[in-house]
Amino acid sequence: MNNRKKPILQVKNLSVDFPIHKQTIKAVQDVSFDLYAGETLCVVGESGSGKSVTARAILQLIVNPGKIMQGELLFESLEGAVDIAQLDKKGKQIRKIRGNEIAMIFQEPMTSLSPVHTIGHQLVEAILLHNDISKAEAKSQAAELLRRVKIPNPEQALNSYSFEFSGGMRQRAMIAMALSCKPKVLIADEPTTALDVTTQAEILDLIAELQKDEEMAVLFITHDMGVVAQIADRVMVMYRGQKIEDGLVQQVLEQPKEAYTKALLNSVLKLETPPMHAKPDAKPKTIIDVKDLKLQFSSGGGLFKKPTLVVKAIDGVNLTINEGERLGIVGESGSGKTTLGRSLLGIYPPNEGVINYTRKTGEIIQIEKANKATLKSIYGEMRMIFQDPHSSLNPRMTIFETIAEPLRANTDMSMAQMRDRVQFLLEKVGMPSEVANRYPHAFSGGQRQRICIARAIALNPRVIIADEPTSALDVSLRHQVLDLMLNLQKEFGIAYIFISHDISVVRYFCDRVAVMEKGKIVEIGDVAQICDAPQHPYTQKLISSVPRPDLKYRKKPLLQTTMAYGDV
Amino acid sequence: MLGFIIKRVLGMIPSLAAISVLAFIVIQLPPGDFVTTLVAQAAEAGDTIDDAKMAVLRQRYGVGDPILVQYFRWIGGILQGDFGYSFEWNQPVSQLVWERMGMTSLMSFITLMFIWAIALPIGIYSAVNKYSFGDYAATLFGFIGMATPNFLLAIVLMYISTIWFGNSVGGLFSPEYVKADWSLAKIWDFAKHIWIPVLVLGTAGTAALIRVMRANLLDELNKPYVEAARAKGLPEVKLILAYPVRVAINPFISTVGWVLPTLISGELIVSTVLNLPTAGPLLLQALKSQDMFLAGAFLLMIGALVLIGTLLSDILLAIIDPRIRLS
């Protein structure tokens, strides 16, 4: 089926160093691989594994002080074979290859387009750089490209600015730009990581379709094994700058040779097999009862003007949370799930509706009407964990100060008592107690999230609202953090409201799931029922968009052998 | 866009009203009034003015009335285009003010352009070549300019201009052109004089703007859109000018709001030293002698000048940045 023998790009023994201060970070060490026309090679690895640096090296885009130390990047360019590693970073030759023969799309569609130029300007510029045609011709080509990436009203879209587009639309525009000169190689650096699952599915389909039309080689960088299982022909696994193994996707996923690959896959597959979910009590005790909650954000209004734009962030939500349960709230970005989580804490005052909170003592408090003092006392029972453990810890406070802060604010513990309590909490979240005197920068993302959890449980809360607590973590850390949260629940009987866009994490962690769309809960029920037999069309779409790390869900045909390429 | 401009212009009205009140209060703050100055001057000349004559004078100048009455009489006149009468010069204020304010505006504008023309390229160079020799040299130059007192630099430059170039000392024109009509020769003569105050005022302002531009651009240079543009194959110089500089220039333009006031207050000292026919020296004299209407008119017009400068920078921003224009 595929008998081209010569690879279009051969990377041989590539090493990239970053000399920072007096030490040198070896970002890529002696990595070799080939890329053939028409195939998709997925490069997988955790953050810091060197996959992005490898991709940037191919275009000589490594930022200072990074430097290619050795290796060859042999590319079959239109003007014959060149070794990109030997080209001048700012030279004419590499600029002729960039965007023209090898194009790249990036992770952040929000910031990868200039905010002050129209989409059309940026597209036309890319076309004119490498083609000797008139501006009018370039413009009509640009419109055609936008049509190909399925942007509605392409002529009008040419005059739009990136901030007028949604994330998915921006990534489509980026792809249009990358394809503008019909490149032979497309490098995609986590192009769907920042997008919703349904948008991700559309973008992946789009790339596959365009790849087929153009016989393009795609180097796809991702950390998502689900995506790999769906689109890769071949896979290369990287760890700490080194290539661990590579092979056909079915080989790497089903018969990994190396221990690291096995561990990586295990941590992904572990999320696929949920732990035992507790049987709900016959008579569950309700902690939070939300009735017909409505919340609007308005903007554009002035002192005497009616607001022009009203967003119904929460549009009539009914919800109960029972003692000791794990309720998941899923939905795409903008569905109102984060707003709902925060309004439960009284952070946003609702326009309508009631939030009843039943205290430990049995007293019922209406959160939307509660005054500051009452809210403060409730905050001892309801805590929050945030998405980004890098920014949710104060860099100028030691770990002890961070964890002890809620104790200081809400209890009258003595210093010694606080020391004991913090030590106890650190132990509970699996951190050695010596860390108490260090600052957050000394810890990795997973460790920081453990510290955030320790802070959240410091006051023995009854409910923890966790807003995407694992999204910023590498996949190998996710289930560790989730397991920690599960263990803490067993020990302390905490109820979790778990807000996430990641269905696999929700399936692993939650008992019940509420699916939100445009401020409404469209479906709520048992986790198994929602994930395996969704009823509402939106839920069905959401669930089917999630790429599963299992080849049996794959639609794209598998390559049978590397022999097709002519090598063994 | 038109709606935006109208809205900003209407927004200036309350600011101007506030400036007029403040200006009036500032003028009234020191003890005494213009008549006291007259009395003092008469005493110096060995003359005396008796109480009856003082009362007559007070009534004639209207300085004996309650403050509110004085303020509304003043502001009411201005609304009708009458800026009042200068006690000291025995002339309507409007005759004295326009030409001097014109010179001040022109000089401030030229200086602002000079600062931008110097600071923008140096700022870009400093950011792109961060921590290079050129970056340090430009920064050093900028800070020396900022730290050197304006009057000192003015005197040194005046010396150089006279000894080396043989230009007349002080003023904006050589004596033979002061009363002459505008001609090419007069413009050339003007150019030979204006560079001194522009350079003096400019060097004081460039350092801050170099740092502003450098810091803005450093933030933008590592943004993903720059890398994405580079991956398209754009040449480096074109890339930097078209993308990060376009975005980084916004705060630079909005600095007009604070650069203009410093220019105008710096102008006061420089113009006094260089004996320039601008608003500064006359304003200083009017304040000293409590020549109320003259000082008030200057303060009001300088305030208006700053507001207009800010308005222009806002309009410029809206033209350059679609995010401001469209939201």
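For the protein sequence lines, the chains are A and B, in the order given. Residues in the first sequence are numbered from 17 upward in steps of one, following my numbering. Residues in the second sequence are numbered from 12 upward in steps of one, following my numbering. Using N, Cα and C, we set each Cβ at its ideal position, and we do this for glycine too.
Self-check item: Those residues which DSSP pairs with A:M252 across a bridge
Solution: A:V59, A:D262
Exercise. Determine, using beta carbons only, whether A:M6 and A:V201 come nearer to each other than 8 angstroms.
Key: A query on residue 6 of chain A cannot be resolved here, the shown segment of chain A reaching from 17 to 584 and no further.
Exercise. For A:M120, go through chain B and note every residue whose CB falls closer than 7 angstroms to its CB, in chain order.
Key: A242
Quiz item: Is the shortest distance between the beta-carbon of A:H239 and the beta-carbons of chain B less than 8 angstroms?
Solution: no
Practice problem: Out of A:G535, A:R111, A:E261, state which residue places its alpha-carbon closest to the alpha-carbon of A:S643. | Solution: As shown, chain A starts at 17 and ends at 584. That puts residue 643 of chain A outside it, with no answer to give.
Quiz item: Based on the DSSP secondary-structure assignment, which residues constitute the bridge partners of A:F91?
Solution: A:L25, A:V98
Self-check item: Separation of B:G88 from B:V180, as counted between CA atoms
Solution: 39 angstroms
Self-check item: Whole-angstrom distance between B:Q301 and B:L123, CA atom to CA atom
Solution: 31 angstroms
Quiz prompt | Straight-line Cα distance separating A:A101 from A:D262 | solution = 23 angstroms
Practice problem: Measure the alpha-carbon distance for A:S520 versus A:S492 and round it to whole angstroms. | Solution: 14 angstroms
Self-check item: Euclidean distance between Cα positions of B:L362 and B:E99
Solution: With chain B covering only 12 through 338, there is no way to say anything about residue 362 of chain B.
Practice problem: Report the partner residues of A:V268 according to the DSSP bridge assignment. | Solution: For A:V268, which the question treats as bridged, DSSP gives no partner whatsoever.
Quiz prompt | Per-residue DSSP class, three states only, for A:M400 | solution = strand
Quiz item: Can a CB atom of chain A be found closer than 8 angstroms to the CB of B:R257?
Solution: yes
Quiz prompt | Residue from A:Y364, A:P300, A:C197 with nearest C-alpha to A:A329 | solution = A:Y364
Quiz item: Using a beta-carbon distance cut-off of less than 9 angstroms, what residues from the segment 258-270 of chain B approach chain A?
Solution: V258, N261
Quiz item: Taking three-plus beta-carbon pairs below 8 angstroms as touching, is the segment 202-214 of chain A in contact with the segment 343-350 of chain A?
Solution: yes
Practice problem: Compare the C-alpha of B:P288 against each of B:A240, B:F201, B:M312, B:I319 and name the closest. | Solution: B:F201
Quiz item: If we cut at 8 angstroms on Cβ distances, does A:M398 have a partner in chain B?
Solution: no
Practice problem: Starting from the N-terminal side, write out each stretch of the beta strand (DSSP E) that is 3 residues or longer and does not extend beyond the segment 380-437 of chain A. | Solution: 380-382, 398-401
Quiz item: Could you check where the beta strand (DSSP E) with A:Q39 kicks off and where it finishes?
Solution: 39-51
Quiz item: Taking the C-alpha atoms as reference points, what is the distance between A:Q463 and A:K444?
Solution: 13 angstroms
Quiz prompt | Residues near B:R257 by beta carbon distance below 8 angstroms, same chain, minus five either side | solution = I331
Quiz item: Closer than 9 angstroms, Cβ to any Cβ of chain B: which residues of the segment 140-162 of chain A, in chain order?
Solution: E141, A142, L145, H146
Quiz item: To which residues of the same chain is B:V284 closer than 7 angstroms at the C-beta, ignoring the five residues directly before and after it?
Solution: F162, A165, I166
Exercise. Determine whether the Cβ of A:N116 lies closer than 8 angstroms to any Cβ atom of chain B.
Key: yes
Quiz item: Can you tell me whether A:I149 is buried or exposed, with buried defined as 16 or more other CB within 10 angstroms of its CB?
Solution: exposed
Quiz item: Does any CB atom of chain A fall closer than 8 angstroms to the CB of B:D325?
Solution: no
Practice problem: Taking only beta-carbon positions, decide if B:Y254 is within less than 8 angstroms of chain A. | Solution: yes
Exercise. Just the chain A side, please: which residues come within less than 7 angstroms of B:L245 by C-beta, in chain order?
Key: L145
Quiz item: Do the segment 414-421 of chain A and the segment 439-457 of chain A touch if we need at least three Cβ pairs shorter than 8 angstroms?
Solution: yes
Practice problem: Counting only the same chain and skipping the five closest in sequence on each side, list residues whose C-beta sits under 7 angstroms from that of A:M185. | Solution: I167
Quiz item: Can you give the Cα-Cα distance for A:V543 and A:T289, rounded to whole angstroms?
Solution: 13 angstroms
Quiz prompt | Local Cβ density within 10 Å of A:T355, reported as buried at 16 or more and exposed below that | solution = buried
Practice problem: Note down, in chain order, each residue of its chain lying with its Cβ closer than 7 angstroms to the Cβ of B:A215, except the 5 sequence neighbours on either side. | Solution: G156, M157, N161, G277
Self-check item: Short Cβ contact (8 angstroms threshold) for A:Q556 with A:P563
Solution: no
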